[in-house]
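K.L.:
Each residue of the sequence shown is one higher than the last, beginning at 30 in the numbering used here.
What follows is a single structure, and I will ask about it in a moment.
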Amino acid sequence: MRLREFKGITNWPPTPGGSYRRGQAFPTDEDSVVLKKVFPVMNEFVIFTCEFGGYDHTYFLQTEDEALAGELARWMTLHIGRKLSDFGNFPLDL
Numbered sequence: 030m031r032l033r034e035f036k037g038i039t040n041w042p043p044t045p046g047g048s049y050r051r052g053q054a055f056p057t058d059e060d061s062v063v064l065k066k067v068f069p070v071m072n073e074f075v076i077f078t079c080e081f082g083g084y085d086h087t088y089f090l091q092t093e094d095e096a097l098a099g100e101l102a103r104w105m106t107l108h109i110g111r112k113l114s115d116f117g118n119f120p121l122d123l
């Protein structure tokens, strides 16, 4: 099973939030965005930024509980600089 198929994650791929400038491209392809920073977990959410087209975009990844969010955040922090698609395709041994 890949991470994107894991039932403990409710919204893979996560969509970026926030405001955009006129003409700014919206990062729709998870293979084109690169993980830049992971923030402290808030409840069951992993919050992180990715870079796309020279801009930072904030993502909110919802999990089933705070413990899982903490583990994902710790693991993602170890892999800053990788594409978002790399995380979704990561094989889980469950």
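Quick reminder that beta carbons are idealized off the backbone N, C-alpha and C, glycines included.
Keep in mind it's a predicted model, so treat the numbers as computed, not measured.
1. Tell me whether the beta-carbon of Phe119 lies closer than 9 Å to the beta-carbon of Leu32.
2. In the structure shown, what three-state DSSP assignment does Leu64 receive?
3. Once DSSP output is grouped into helix, strand and coil, what is the label at Thr39?
4. By how many angstroms is the C-alpha of Gly117 removed from the C-alpha of Pro45?
5. For the beta strand (DSSP E) holding Phe55, just list the boundary residues, first then last.
P.N.:
Taking the coordinates as given:
1. Residue 119 sits at position 90 when you count from the first residue of the sequence shown. Residue 32 sits at position 3 when you count from the first residue of the sequence shown. A Cβ-Cβ contact shorter than 9 Å links Phe119 with Leu32.
2. Here residue 64 refers to the residue found at position 35 when the sequence shown is read from its first residue. Correct three-state label for Leu64: strand.
3. Working through the sequence shown from its first residue, we reach residue 39 at position 10. Correct three-state label for Thr39: coil.
4. For the purposes of this step, residue 45 is taken as residue 16 along the sequence shown, with counting starting at 1. For the purposes of this step, residue 117 is taken as residue 88 along the sequence shown, with counting starting at 1. When rounded, the distance between both Cα atoms is 15 Å.
5. Stepping through the sequence shown from its first residue, residue 55 is reached at position 26. It is not in any beta strand (DSSP E) - Phe55 carries neither H nor E in the DSSP assignment.
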